[in-house]
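Contents: one structure, followed by commentary.
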Amino acid sequence: GAERIDKRGYLYEIVANGRNCIDVDKFDYLVRDMQCLFGGKKSYNYSRLWHYNRVIDNEICYHTSVTSDIYELFDQRYYMYKQIYGHRKGKAVEYMIIHVISLHLSSFAEYAMILADKALGISASTNSPQEFQYMTDHIIKVIECSKDASLQSARDIIKRIRRRQLYEFVDEYLVPAYLTNKIPKVQASDIACAGNALGVDLNVNDIIVYDGRLNYNLKDKNPVDMVSFYTSSNKDEKFHTPKQEVSLLFPEKFEERILRIYSRSNDKQVNLAISQAFRNHIEHYSIKVPFSPASKIVSPSHDKKPPRCTSIQFG
7 GAERIDKRGY
17 LYEIVANGRN
27 CIDVDKFDYL
37 VRDMQCLFGG
47 KKSYNYSRLW
57 HYNRVIDNEI
67 CYHTSVTSDI
77 YELFDQRYYM
87 YKQIYGHRKG
97 KAVEYMIIHV
107 ISLHLSSFAE
117 YAMILADKAL
127 GISASTNSPQ
137 EFQYMTDHII
147 KVIECSKDAS
157 LQSARDIIKR
167 IRRRQLYEFV
177 DEYLVPAYLT
187 NKIPKVQASD
197 IACAGNALGV
207 DLNVNDIIVY
217 DGRLNYNLKD
227 KNPVDMVSFY
237 TSSNKDEKFH
247 TPKQEVSLLF
257 PEKFEERILR
267 IYSRSNDKQV
277 NLAISQAFRN
287 HIEHYSIKVP
297 FSPASKIVSP
307 SHDKKPPRCT
317 SIQFG
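Below is the structure:
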């Protein structure tokens, strides 16, 4: 009953650990994805965490000798999200897939009826496990092969993906720590309304904003602060270990915020204007916005600030 569950609450920490985020789910996807991407050249070895742990007071605790292994776990997770899961090209494809099944209405904040819904019953399938199990990646192929005229726009986007004619990555900004929580969530309308030195009237539907955060899986906190340890000399007593007692080289910050801008337009002039408008918007909060080495946009100096618009174009 409930009493037994309380006494064995540590079992829940095995699969989905809400206390410190160390769980077999993380072991599984890190090892799986690294194996698929890098073969045997790069992987995460969780075997020491697997062996050097014990339950104390209904909590999974770890031996002090594996503290560095735990930091490595979160560091590898950060690396995968930074370099792989959040890759610029991968995100562009992700936005295009979203666009395939939900094209925008005239308002940037609204979505049209899902184009493939009538033909494939995507929304309806969420009410039936039997139907939902078939909602896999194959629906992209179904849309691609369909003769339904209403899906032509979706097929055109899929064709662009096949030809690697992806939405254009325009610019990005790694938000300084002191501004992380001061800059409000950036919307496409903010950029469309920010003005640009080229005088281009920006269509809000051309602009895609990725406003994301990368961390050690516990927002801006250090998850290892939530881990209890034990020693060989006393295996029944648990305690916390401050990171400065383990190494002075561990990170001081545990979360970063990245603003990344994409464009659905292939017009270089439009994309340059989007980049300028994005920087104009950010410069309301920051004195200087350094250019991203990853950006393809080389923007001229725009010391003279253009006027901000009072209306938004939705196309």
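Quick note: the sequence shown, position 163, residue 169 per our numbering, numbers continuous. We put the beta carbon where it would ideally sit given N, CA and C, even for glycine.
Under the three-state reduction of DSSP output, R263 falls in the strand class.
Shown here for M141: same chain residues with a beta carbon closer than 6 Å to its own, the five before and five after excluded, namely S131 in chain order. Nearest to I213 by alpha-carbon distance, out of Y173, S156, S292, is Y173. For S71, the three-state secondary structure derived from DSSP is helix. Taking a contact as a CB-CB distance under 8 Å, the pair I197 and V215 counts as one, their CB atoms being some 7 Å apart. Under DSSP, the beta-bridge partners assigned to S269 are E174, I213.
In the DSSP secondary-structure assignment, D226 is bridged to L224.
If you draw a straight line from the Cα of D226 to the Cα of D75, it comes to about 20 Å.
At a Cβ-Cβ threshold of 7 Å, R219 and E178 do not count as neighbours. Annotation: K165 to I128 spans about 21 Å, alpha carbon to alpha carbon.
For Y179, the pairing in a beta bridge is given by DSSP as L265.
N223 counts as buried, since at least 16 other C-beta atoms from the protein chains shown sit within 10 angstroms of its C-beta. The alpha-carbon of D81 is positioned some 20 Å away from that of Y58.
According to the DSSP assignment, N277 belongs to the alpha helix (DSSP H) that extends over 274-288.
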